[in-house]
Amino acid sequence: MSREHQVTVDERGSFTFAHCTCGWSAPARRSRDRSRRDATEHLAEEQPAGTPRP
Ligand SMILES: [Zn+2]
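All residue numbers for the sequence shown refer to our numbering, where the first residue is 1000 and numbers rise by one.
As structure tokens, this is what we get:
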């Protein structure tokens, strides 16, 4: 079974924050771009590209 990471960026008032189906969430940001970056960094950490697998 593979655990999926689906990150969503939500708005709350004038803030945005990213959260993931795995339970991870980023702190609230004033910039949606920053939240998207949080999301990208989370995915990069959890699913490193080109990980060698025997
Ligand atoms: Zn995740």
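Idealized CB from N, CA, C, for every residue including glycine.
By the beta-carbon neighbour count (other beta carbons within 10 angstroms, threshold 16), D1037 is buried. Pairing H1004 with T1015 gives a Cβ-Cβ distance that is not under 8 Å. A direct Cα-to-Cα measurement between S1024 and H1018 gives close to 4 Å. A direct Cα-to-Cα measurement between R1028 and G1012 gives close to 11 Å.
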